[in-house]
Amino acid sequence: MKNTKRIYNVIKAILVIALIFWVNKTINIDILQAKIESYGALAPIIYIIAFTILPVFLFPTLSLVIVGGTLFGFLNGLIYTTIGVATNTSLMYLISNKYAKDKVYNALKDKLPDQYLNLIYTKDQKKLITTFIIFRLVPAVPYIFENYLAGLTEIKFVPFLLTTIISVIPGTLVYLNVGTNITDVGSKEFITSVIILVAFTVFTLIGKKIYDKRHGNNNNSDL
Numbered sequence: 001m002k003n004t005k006r007i008y009n010v011i012k013a014i015l016v017i018a019l020i021f022w023v024n025k026t027i028n029i030d031i032l033q034a035k036i037e038s039y040g041a042l043a044p045i046i047y048i049i050a051f052t053i054l055p056v057f058l059f060p061t062l063s064l065v066i067v068g069g070t071l072f073g074f075l076n077g078l079i080y081t082t083i084g085v086a087t088n089t090s091l092m093y094l095i096s097n098k099y100a101k102d103k104v105y106n107a108l109k110d111k112l113p114d115q116y117l118n119l120i121y122t123k124d125q126k127k128l129i130t131t132f133i134i135f136r137l138v139p140a141v142p143y144i145f146e147n148y149l150a151g152l153t154e155i156k157f158v159p160f161l162l163t164t165i166i167s168v169i170p171g172t173l174v175y176l177n178v179g180t181n182i183t184d185v186g187s188k189e190f191i192t193s194v195i196i197l198v199a200f201t202v203f204t205l206i207g208k209k210i211y212d213k214r215h216g217n218n219n220n221s222d223l
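Reminder that position 184 of the sequence shown reads as 184 in full-length UniProt numbering, one-by-one numbering, no gaps.
Encoded structure:
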């Protein structure tokens, strides 16, 4: 029975990996944009569905945001992207929380010292919210993995969802601005959007370096 279950789990893992590989191999930003645009008036709904589902299979969300800006403009792109972020974050959190949280905890509880286990599985919501705000603003962990990671911790669903929606706004605005102006590469607006993107990237890299330095120098900090 144990062997059968193990074989079943291995087959599931292989299928998931194969699906992730297929999605990222066959879908790119141009194909995605053309497909969404082909739905006409239904394009916003298709975009939100795509934003909800594709990141589950590790498809880069930045590509989706740029597509949103290109197809819908800045304001509508922001609205549709925010909805997509909310639905995607919810789905990935719930998948991780339901199907992996207990398994990961059981795997770690006998291998990690209590001090590290308590740090990872703290129930202090203020501490968890602060940590994920920093993760969102400073890309210490990629967006997609943060969604899965959150489901493994004790952070509550609603606080995490609200934290995500608020914290991703700066980056969303930057990439939507690029997507909005990408059709006119030589324009002043596009050049400005690229400069803002570069500045934002530099800022986040500096922030990440500061975070890594602090985190590395104080593994037992409250953060």
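We put the CB at the ideal spot given by N, CA and C, even for glycine.
Remember, predicted model here, so these are calculated numbers, not experimental data.
Applying the criterion that 16 or more other CB atoms from any shown protein chain within 10 Å of the CB defines a buried residue, is A13 buried or exposed? exposed
| message | When you compare the CB of K209 with every CB in chain D, is at least one pair closer than 7 Å? | response | Of the protein chains in the structure, only one exists, and it is not chain D.
For this session: Pair every Cβ in the segment 111-124 with every Cβ in the segment 132-143, then say whether three or more of these pairs are closer than 8 Å.
Result: no
_Suppose contacts are defined by Cβ-Cβ distances below 7 Å. Is L152 in contact with S90 by that definition?_
no
| task | Report back the beta-carbon spacing between T4 and T81 to the nearest angstrom; my notes put them in contact at under 8 Å. | result | Contact doesn't hold; Cβ gap of about 44 Å is too wide.
message: So, for S187: in the same chain, excluding its five sequence neighbours on each side, which residues have a beta-carbon less than 8 Å away from its beta-carbon?
response: N181
key: Segments of 4+ residues assigned as alpha helix (DSSP H) that fall wholly inside the segment 28-65   = 29-37, 43-53
N- and C-terminal bounds of the alpha helix (DSSP H) containing P170 = 169-181
- State the CB to CB distance for the pair L133 and T163, rounded to an integer number of angstroms; the pair is presumed to be in contact (CB under 8 Å). The question names Leu, but residue 133 is Ile in the sequence shown. Correct: roughly 6 Å between the Cβ atoms.
Nearest neighbour of residue 272, chosen from Y143, V56, E37 [CA to CA]: Nothing about residue 272 can be reported from this structure: the residues present for the chain run from 1 to 223 only.
### Query
In terms of residues, what are the limits of the alpha helix (DSSP H) holding L112?
Looking at the DSSP string, L112 is not in any alpha helix (DSSP H), and its letter there is neither H nor E.
> Using the C-alpha atoms, what's the distance from T52 back to G179?
Replying inline: 19 Å
> Residue range of the alpha helix (DSSP H) that T131 falls in?
Replying inline: 125-137
Do you know offhand how far G77's Cα is from L32's?
-> 15 Å
Just to confirm, does I17 get its C-beta within under 6 Å of one of the non-hydrogen atoms of the ligand FAD? With respect to small molecules bound, the structure shown includes none, and the ligand FAD cannot be examined in it.
Practice task
Starting from the C-beta of N24, find all residues in its chain whose C-beta is less than 8 Å away, skip the five residues before and the five after it, and write them out in chain order.
Solution key: F57, L58, F59
### Message
Cutting at 6 Å between CB atoms, please list the residues of its own chain near P113, excluding the five before and the five after it.
### Response
none
Practice prompt. Determine the extent of the alpha helix (DSSP H) in which V141 is found, giving its start and end residues.
Written response: It is not in any alpha helix (DSSP H) - V141 carries neither H nor E in the DSSP assignment.
Do you know whose CA, among Y47, L54, A43, I49, lies nearest L19's CA? L54
Straight-line gap, L149 to I155 (C-alpha atoms, nearest Å):
10 Å
request  = Rounded to whole angstroms, what's the CA-CA distance from R6 to K98? Just pull it up for me.
outcome  = 19 Å
Three-state secondary structure (DSSP) at A86?
helix
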